[in-house]
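Engineer: What follows is a structure written as structure tokens; I'll ask about it next.
There are 2 protein chains.
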Amino acid sequence: MTILQGERADTADQGDADELASTAIIELAGRARAASRVLARSTRAQKDGALVALAKALVRATPEILAGNAQDLERGRVSGMSEGLLDRLALDESRIRAIADSLLEVAALPDPVGAVVRGSTLANGLRLRQLRVPMGVIGVIYEARPNVTVDVAGLALKSGNAVLLRGGSAAENSNSAIIGTLRAALDAYGLPADLVQSIDEHGRPGARALMRARGHVDLVVPRGGAGLIQTVVRESRVPVIETGVGNCHVFVDSTAELDMALEILINSKTHRVGVCNAAETLLVHSDVAEAFLPGALAALAERGVRIHGDDRTRAIAPQGVEVLEATHEDWATEYLDYEIAVRVVDDFDQALVHIREFSTGHTEAIVTSSLQAAERFTAEVDAAAVIVNASTRFTDGGQFGLGAELGISTQKLHARGPMGLEELTTTKWVVTGDGQIRA
Amino acid sequence: MTILQGERADTADQGDADELASTAIIELAGRARAASRVLARSTRAQKDGALVALAKALVRATPEILAGNAQDLERGRVSGMSEGLLDRLALDESRIRAIADSLLEVAALPDPVGAVVRGSTLANGLRLRQLRVPMGVIGVIYEARPNVTVDVAGLALKSGNAVLLRGGSAAENSNSAIIGTLRAALDAYGLPADLVQSIDEHGRPGARALMRARGHVDLVVPRGGAGLIQTVVRESRVPVIETGVGNCHVFVDSTAELDMALEILINSKTHRVGVCNAAETLLVHSDVAEAFLPGALAALAERGVRIHGDDRTRAIAPQGVEVLEATHEDWATEYLDYEIAVRVVDDFDQALVHIREFSTGHTEAIVTSSLQAAERFTAEVDAAAVIVNASTRFTDGGQFGLGAELGISTQKLHARGPMGLEELTTTKWVVTGDGQIRA
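Chains as they are written, first to last, in this note's numbering: chain F, 7 to 445; chain R, 7 to 445.
Next up, the structure:
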């Protein structure tokens, strides 16, 4: 159940609640807009100074933040939250310090604002420049991860934007303490506190209003599970960047170096499992299935990975390694766990057909020694990232050298792949003349 | 009334019609997707050769196209279409030749596909490249302008995309003849005819289905009046690029060279009037109002421009020049005609406040000799194009040197300002390794 679903209120009541929320959200968005204009006039030095100040303030506010966090954890336990989710929610001194340090990393990144994307002097003498400028007001709807609050605020600040945050009820007290700290620190530093605002008090009607506030809010970024993301993508009238669902494949081709393939497979599946760039399906060329699969399946099983396989995979599975019968649903499932689907394909083309059907456009990898196979794979697979002879886990802003990352976009518009500071900006054409008119 | 509105069908009937249309559109989108994959493998030489072949085929098919056009014009007259609209719909031999020539211009443009946007070798040896690739399948919803059919098909082809076209009933026969010609020519050339498909036969349910086909269609571009664009922006689940509404301002600042200001004003308002980059409001700094406005108002009136002005403007108007009383609505109106709204502002800041309230984010111009005013204007005005000392009419892909143009985007995501070939592409990360895994 996502934070946007829940008991269906009576339609009329929901209508009233939505209207009140609309008014409130538009007012907050107006404040955010005004705050973003002040920030747009700031220099990089001022923004970096603010990030340092925010980092210090967060560390100083550790007691308050932990107190809020304790309330959220208690509520979570009482409501039966899983250990995994409780762990993602939980903060301690060292986690808060790490979160604060991430702001310092953002301060170290180049400022995208003001970059000249391109420019020229036209034949008629007009000086043309395309400048990078802040998006303006960004809404972020996320679930139960207090570190996202700080990540987002830091990236937005650096790129000149104001944010409206809907962190959800599970982390409400943690976020309230964090956001209160950030706002006070901004104000003390001399920047508008309204650069960071929470809309949590307006509940689900507030989230819906945020998504409808086209023109008042420039961009909405959902971060969380597939359910949340799909809801936002479907309902938002504000432009959205769709992040994260990664049904990633590793295809071991007929010319693959099998030792390399095994390392890449294990790393792609088990380096971290609850992440969008973890591999979820293994495809193996029939020419190397007998040589590769027994060892690969055993290695996966050794690491506690539950394996679903097609008939040919099950036939090759070694003694003692259980391979469940794969269904059509397995090919489409992003397990986000110690679980994988395995299929033997007749040839390269069949691998492409399979990937084409089940890919979510995130990351697809091939292990091969064939130049032609590598070229065809990278040309014909339609995904944010296509990888040859490396782990799928590399699709990551930090790994790509982009610095901090707001998420990994799987859509095609505006941003595709890891989203960093640049993706939180838009452009503006500036034309300077001496009186030129059209003939 | 836009092509998407009309008599409200019984909801159940509309539901059935929508479902049938959905199935049909998804099938067409699938064919478009397959066709785009073939095109993605084509070289620039092949694509340019196809554009030349299409241009020749259009000229050869002049009789058939004119026959279809005659049917549309007859229907248009019978239904009371205005002279202006009939003129936009009408084709003749020389217009068809000009339309065909535009394909040759597209052939001359650089190919955006395959460009390496950025790249590097990471510390761990991974070779990283961000490549420009086609968007894939693009839907275009437009009204009554047969030349748009060819413009769009040409830009899409050059940038590696397949298109689904909803041209509307007014130009149905013209478009049918044009699209039939394009498809036959593509096939004869050796490319899939399904690179260009019309969805007109599916009527409004087809247009709605197109907008809902997220995942099957990658991008929808509406071209036409504000009503059509707003409908698409509001209802589409497929990413949209919002084009065109231009409530553009010319602000004559206190240090403006008044002769230059007059030339820029007249050109911005009257060079062409029914276009998005025409100026719709003149703002004049009170310091120069008496020196500038009498001559400016007379010059506008001389050219048949109907003038709406605030009290101060009306007080300064010379004898014989009628200035109607401006209402709040005038400041917000994109006249697209020989009509303008004029306001005297107290100072620079009041001009900014006015523009901030009424700008549609298209083009805003200042005439000034003050460096500070120019810098503040370009920094603080939030629009796709901000212009200093030149006509607003320069916001145009051709004028900017971008080549052909699909429209002028007023949104912030993906494309802002004139949209050319590059804006019909997305990117893909290609990572090549030697077995690297995450530590």
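For glycine and all other residues, C-beta sits at the position ideal for the given N, C-alpha and C. Because the structure is a prediction, the values reported are computed rather than measured.
In this structure, how does DSSP classify residue 351 of chain R when only helix, strand and coil are distinguished?
Structural biologist: Numbered from its first residue, the second sequence carries residue 351 of chain R at position 345. Strand.
Engineer: How would you list, in chain order, the residues of chain F whose beta-carbon sits under 7 Å from the beta-carbon of residue 384 of chain R?
Structural biologist: The residue given as residue 384 of chain R occupies position 378 in the second sequence. 436, listed in chain order.
Engineer: Return the chain-ordered list of same chain residues with a C-beta closer than 6 Å to the C-beta of residue 211 of chain R, the five sequence neighbours on each side being excluded.
Structural biologist: The residue given as residue 211 of chain R occupies position 205 in the second sequence. Excluding residues within five positions, the ones whose Cβ falls inside 6 Å are 23, 24, 27.
Engineer: Looking only at its own chain, which residues have a Cβ that is under 7 Å from the Cβ of residue 161 of chain R, when we skip the five neighbours before and after it?
Structural biologist: Sequence index remark: in the second sequence, residue 161 of chain R carries index 155 (1-based). Excluding residues within five positions, the ones whose Cβ falls inside 7 Å are 112, 410, 412, 427, 430.
Engineer: Show which residues of chain F have a CB atom less than 8 Å away from the CB atom of residue 269 of chain R.
Structural biologist: Along the second sequence, read from residue 1 onward, the residue named residue 269 of chain R stands at position 263. Here the neighbours are 441, 443.
Engineer: Report the rounded CA-to-CA distance for residue 308 of chain R versus residue 33 of chain F, giving the unit in angstroms.
Structural biologist: Your numbering for residue 308 of chain R matches position 302 in the second sequence. Your numbering for residue 33 of chain F matches position 27 in the first sequence. Each residue's alpha carbon lies about 45 Å from the other.
Engineer: Say yes only if the C-beta of residue 355 of chain R is nearer than 8 Å to one or more non-hydrogen atoms of the ligand NAD, and no if none qualify.
Structural biologist: Ligands in the displayed structure: none, and consequently the ligand NAD is not present.
Engineer: What residues from chain R crowd round residue 356 of chain F, counting only those whose CB sits closer than 9 Å?
Structural biologist: By one-based count along the first sequence, residue 356 of chain F stands at place 350. Residues of chain R passing the Cβ test: none, with the nearest at roughly 16 Å.
Engineer: Should residue 377 of chain R go down as buried or exposed, given a rule of 16 or more other Cβ atoms within 10 Å for buried?
Structural biologist: For the purposes of this step, residue 377 of chain R is taken as the residue at position 371 of the second sequence. Burial call: exposed.
Engineer: For a cutoff of 9 Å on Cβ pairs, would you count residue 378 of chain R as touching chain F?
Structural biologist: Sequence index remark: in the second sequence, residue 378 of chain R carries index 372 (1-based). Not closer than 9 Å to any Cβ of chain F, the Cβ of residue 378 of chain R fails to qualify, so no.
Engineer: Please work out which residues of its chain come closer than 8 Å, Cβ to Cβ, to residue 329 of chain R, disregarding the five sequence neighbours upstream and downstream, and give them in chain order.
Structural biologist: Within the second sequence, numbered from 1, the residue matching residue 329 of chain R stands at position 323. Closer than 8 Å at Cβ, skipping near neighbours: 303, 313, 314, 315, 319, 320, 323, 348.
Engineer: Could you check which residue in R/115, R/126, R/168 has the C-alpha nearest to that of residue 141 of chain R?
Structural biologist: Translated into positions along the second sequence, residue 141 of chain R becomes position 135. The candidate whose alpha carbon is nearest that of residue 141 of chain R is R/168.
Engineer: Would you tell me roughly how many angstroms separate the C-alpha atoms of residue 281 of chain R and residue 406 of chain F, rounded to the nearest one?
Structural biologist: Taking the first residue of the second sequence as position 1, residue 281 of chain R is located at position 275. Taking the first residue of the first sequence as position 1, residue 406 of chain F is located at position 400. Cα to Cα, residue 281 of chain R sits roughly 43 Å from residue 406 of chain F.
Engineer: DSSP puts residue 435 of chain F in a beta bridge; with which residues?
Structural biologist: In the first sequence, counting from the first residue as 1, residue 435 of chain F sits at position 429. Partner(s): F/136, R/391.
Engineer: What's the C-alpha gap between residue 317 of chain R and residue 331 of chain R?
Structural biologist: As a working note, residue 317 of chain R is residue 311 in the second sequence. As a working note, residue 331 of chain R is residue 325 in the second sequence. Looking at the two C-alpha atoms, the distance is approximately 7 Å.
Engineer: Can you tell me which of the three DSSP states residue 31 of chain F falls into?
Structural biologist: As a first step, residue 31 of chain F must be located in the first sequence, where it is residue number 25. Three-state result, residue 31 of chain F: helix.
Engineer: What would DSSP say about residue 190 of chain R, mapped onto helix, strand or coil?
Structural biologist: Start at 1 with the first residue of the second sequence, and residue 190 of chain R comes out as number 184. Helix.
Engineer: Straight-line CA distance for residue 21 of chain F to residue 182 of chain F?
Structural biologist: Here residue 21 of chain F refers to the residue found at position 15 of the first sequence. Here residue 182 of chain F refers to the residue found at position 176 of the first sequence. Near 27 Å, if we compare the C-alpha coordinates of residue 182 of chain F and residue 21 of chain F.
Engineer: Given that residue 390 of chain R touches chain F, what residues does it touch there, using C-beta distances under 8 Å?
Structural biologist: Here residue 390 of chain R refers to the residue found at position 384 of the second sequence. The contacting residues are 434, 435.
Engineer: Using a Cβ-Cβ cut-off of 9 Å, state whether residue 426 of chain F counts as contacting chain R.
Structural biologist: By one-based count along the first sequence, residue 426 of chain F stands at place 420. Answer no: the Cβ-Cβ gap between residue 426 of chain F and chain R never drops below 9 Å.
Engineer: Note the first and the last residue of the continuous beta strand (DSSP E) segment covering residue 277 of chain R.
Structural biologist: In the second sequence, the residue the question calls residue 277 of chain R occupies position 271. It is not in any beta strand (DSSP E) - residue 277 of chain R carries neither H nor E in the DSSP assignment.
Engineer: Please go through the same chain and pick out, in chain order, the residues whose beta-carbon is closer than 7 Å to the beta-carbon of residue 189 of chain R, but skip the five residues on each side of it.
Structural biologist: Sequence index remark: in the second sequence, residue 189 of chain R carries index 183 (1-based). Around residue 189 of chain R: 199, 202.
Engineer: Measure the Cβ-Cβ separation of residue 46 of chain F and residue 119 of chain F and say whether it is below 9 Å.
Structural biologist: Taking the first sequence and counting its residues from 1, one reaches residue 46 of chain F at position 40. Taking the first sequence and counting its residues from 1, one reaches residue 119 of chain F at position 113. It is a contact, given that the beta carbons lie within the stated cut-off.
Engineer: Which residue or residues does DSSP assign as beta-bridge partners of residue 122 of chain R?
Structural biologist: For the purposes of this step, residue 122 of chain R is taken as the residue at position 116 of the second sequence. The partner list for residue 122 of chain R (beta bridge, DSSP) reads R/137.
Engineer: Find the residues of chain R that neighbour residue 224 of chain F, judging by a C-beta separation of less than 7 Å, and give them in chain order.
Structural biologist: Reading the first sequence from its first residue, position 218 is the one you call residue 224 of chain F. The contacting residues are 418.
Engineer: For the region 353-363 of chain R against the region 267-279 of chain R, do three or more pairs of beta-carbon atoms, one drawn from each stretch, fall closer than 8 Å, so that the two count as touching?
Structural biologist: No, they do not touch.
Engineer: Answer with buried or exposed for residue 165 of chain F, where buried requires no fewer than 16 other C-beta atoms within 10 angstroms of its C-beta.
Structural biologist: Mapped onto the first sequence, residue 165 of chain F falls at position 159. Classification of residue 165 of chain F: buried, given that the 10 Å Cβ count is 16 or more.
Engineer: Of the choices R/404, R/435, R/41, whose alpha-carbon is the least far from that of residue 222 of chain R?
Structural biologist: Stepping through the second sequence from its first residue, residue 222 of chain R is reached at position 216. Among R/404, R/435, R/41, the Cα nearest to that of residue 222 of chain R is on R/41.
Engineer: Report back the beta-carbon spacing between residue 78 of chain R and residue 180 of chain R to the nearest angstrom; my notes put them in contact at under 8 Å.
Structural biologist: The residue you call residue 78 of chain R lines up with position 72 of the second sequence. The residue you call residue 180 of chain R lines up with position 174 of the second sequence. About 5 Å; that satisfies the 8 Å criterion.
Engineer: Under a Cβ-count criterion, where at least 16 other Cβ atoms within 10 Å of its own Cβ denotes burial, should residue 334 of chain F be classed as buried or exposed?
Structural biologist: Stepping through the first sequence from its first residue, residue 334 of chain F is reached at position 328. When all chains shown are included, residue 334 of chain F counts as exposed.
Engineer: For residue 415 of chain F, which of helix, strand or coil comes out of DSSP?
Structural biologist: Reading the first sequence from its first residue, position 409 is the one you call residue 415 of chain F. Strand, per DSSP.
Engineer: List the residues of chain R that residue 397 of chain F touches, going by C-beta distances under 7 Å, in chain order.
Structural biologist: Looking up residue 397 of chain F in the first sequence gives position 391. The answer, in chain order, is 442, 443, 444.
Engineer: Hey, is residue 46 of chain R's beta-carbon within less than 9 Å of any beta-carbon in chain F?
Structural biologist: The residue labelled residue 46 of chain R in the question sits at position 40 within the second sequence. Interface residue, yes.
Engineer: Any idea what DSSP makes of residue 270 of chain R, helix, strand or coil?
Structural biologist: As a first step, residue 270 of chain R is located in the second sequence; it is residue number 264 there, counting from the start. If DSSP states are grouped into helix, strand and coil, residue 270 of chain R belongs with the helices.
Engineer: Output, in chain order, the set of chain R residues within a Cβ distance shorter than 8 Å of residue 126 of chain F.
Structural biologist: Against the first sequence, residue 126 of chain F aligns to sequence position 120. What residue 126 of chain F touches in chain R: 407.
Engineer: Between the region 417-425 of chain R and the region 256-266 of chain R, do at least 3 Cβ pairs fall closer than 8 Å?
Structural biologist: These segments do not touch.
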